[in-house]
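S.K.: Per the numbering used here, the very first residue in the sequence shown carries number 9; after that it's consecutive.
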Amino acid sequence: MRFTNVKGCSDLRAKYPKLPVVHVSDLNSYRYCRRKWDFCSYMRQNLERVDEPIEAFWFGTGIHFGLEDLHGYKEFPSAAAAFEFFVMATEGSRPDTWREALELGKAMLDYYELEWLTNRRDYQTVWIDKTPLVEVDFQCLIRRNGRPFAIFEGIFDGVLKDAYHRFWLAEYKTAKRMSTSGKLENDTQITAYTYAAEKIFGTQFEGIVHQQHLKDTPSIPQVLKTGGISKNKQIKTTFALYKKALVDYYGEGKIPSDYDEMLNMLLENEQENGNGFVWRNLVRRNPMELASFEKHLIMMVSEMISKKLPIYPNSSHMAGCMCDFKSVCLAMDEGSDYGFILDNEFARRDRDKRTDWRAKAAELGQKIKKGGEN
Ligand code: SF4
């Protein structure tokens, strides 16, 4: 959805067609390597690879869709069901590994919805005009010396309110490894989105609920052939699952005390902010940080739009960089035909393609609903 119903926010691209449009990815890629930014930025060549979809990106989009439905309209019976519809709707563009990904995604979302959330304080999604603020395409006008200067765009995963009526943004991530601390103090996206939210809503935002979902699910502890339940401390499980396995095996109130150590260890892993499978970091930004961000944003965009801006690679990290444009970049510097690679492996990014599976997922959902009603 677009924030057309929030004061001061309309389709800014249509209103100011000559203004540069900036995303967080532009700021990050510009700082990382100007040549990369030149290839991928909407402000420049706006290119993306045309081959195989990147599995991690596809999977993350599906998980976001499940969370969006769960914390929004709840049009699907569960977050896992929404994920399944996403997988069906992306037939033809999904990676070859989609079957395993389907099982993993459903299990991750079921765990989150049916267990993790039920034991924790939740945040309420903010609704405006009967619309839940989930997966919100936002635009925000940046002014320089009082004049419109640039459009800053992005997507809020959610706009939330806590029990003390404070506003937060939601940011969901899927991760192979969970990071429970650090790294977020300097995260540009967190600063940029908090800044944009305050501008759009005209109210103070506490910060961002940065929620990581491990790409794994807790396992049911093994019943040993010799009797009893495994006490292997490496097992990926949760306190609730382990306790349930013990109760199923020994009966309520009859769990032997030699499981206390294991139970205590698992209980210590359960915190208000999460456990090893889903973890929330609450990240705040103060007004000074937001003002500094605005100053730096204007400086960077001023450089980006300069006609004299030199474009060169950041070869100091070329050897190890995971850049989509590496083959083009190397070909450019060794004098090979890089235009051939660009023509055959890349195309201009299509803004609408990003979401064209949504209509199909909704249509499939409606069909199933009607089938169930008949
Ligand atoms: S390969 Fe490295 S140096 Fe070349 S464009 Fe990509 S990030 Fe820049």
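Glycine included, each C-beta is placed from N, C-alpha and C at the ideal position.
Rounding to the nearest angstrom, what Cα-Cα distance links A109 and V95 in this structure?
M.R.: 9 Å
S.K.: Given a threshold of 16 other Cβ atoms within 10 Å of its Cβ, counted over all protein chains shown, does E143 qualify as buried or as exposed?
M.R.: Buried, because 16 or more other Cβ atoms sit within 10 Å of the Cβ of E143.
S.K.: Would you say the beta carbon of R57 is closer than 8 Å to some non-hydrogen atom of ligand 1?
M.R.: Taking non-hydrogen atoms of ligand 1 into account, the C-beta of R57 is found less than 8 Å away from none of them.
S.K.: Taking only three categories from DSSP, how would you classify R52?
M.R.: coil
S.K.: For Q53, collect the residues of the same chain with a Cβ closer than 7 Å to its Cβ; drop the 5 residues on either side in sequence, then sort them by chain order.
M.R.: D46, F47
S.K.: By DSSP, does L20 sit in helix, in strand, or in coil?
M.R.: helix
S.K.: I'd like to know whether the C-beta atoms of V217 and E179 end up nearer to each other than 9 Å.
M.R.: yes
S.K.: Specify, as a first and last residue, the run of the beta strand (DSSP E) that R288 falls within.
M.R.: Bounds of the beta strand (DSSP E) holding R288 are 286-292.
S.K.: Just to confirm before moving on: does the CB-CB distance between V30 and V309 stay below 9 Å?
M.R.: Contact annotation: V30 and V309 have beta-carbon atoms nearer than 9 Å.
S.K.: Can you tell which of Y172, C148, R155 has its C-alpha closest to the C-alpha of T162?
M.R.: One point to set straight first is that residue 162 is Gly, not Thr, in the sequence displayed. Minimum Cα distance to G162 is reached at C148.
S.K.: Among the residues of its own chain, which have a CB less than 8 Å from the CB of A200, if the five just before and after it don't count?
M.R.: These residues qualify, in order along the chain: V32, L35, F160, G162, F301, L305.
S.K.: Regarding L338 and ligand 1, is the C-beta to nearest heavy atom distance less than 8 Å?
M.R.: yes
S.K.: Measure from the alpha carbon of T139 to the alpha carbon of each residue in Y120, H79, R155, W106, then state which is nearest.
M.R.: H79
S.K.: For V217, report the span of its alpha helix (DSSP H) as first-last.
M.R.: Run containing V217: none in the alpha helix (DSSP H); it sits in the beta strand (DSSP E), 213-222.
S.K.: Using 10 angstroms around the beta-carbon of K244, count the other beta-carbons present and answer buried if the total reaches 16, otherwise exposed.
M.R.: Exposed: under 16 other Cβ atoms inside 10 Å.
S.K.: Alpha helix (DSSP H) containing Y40: first to last residue?
M.R.: 32-40
S.K.: So, helix, strand or coil for F11, using DSSP?
M.R.: Reliability of the predicted coordinates at F11 is poor, the pLDDT of 44 falling under 50, and the value obtained from them is presented with this limitation in mind. In this structure, F11 counts as coil in the three-state DSSP scheme.
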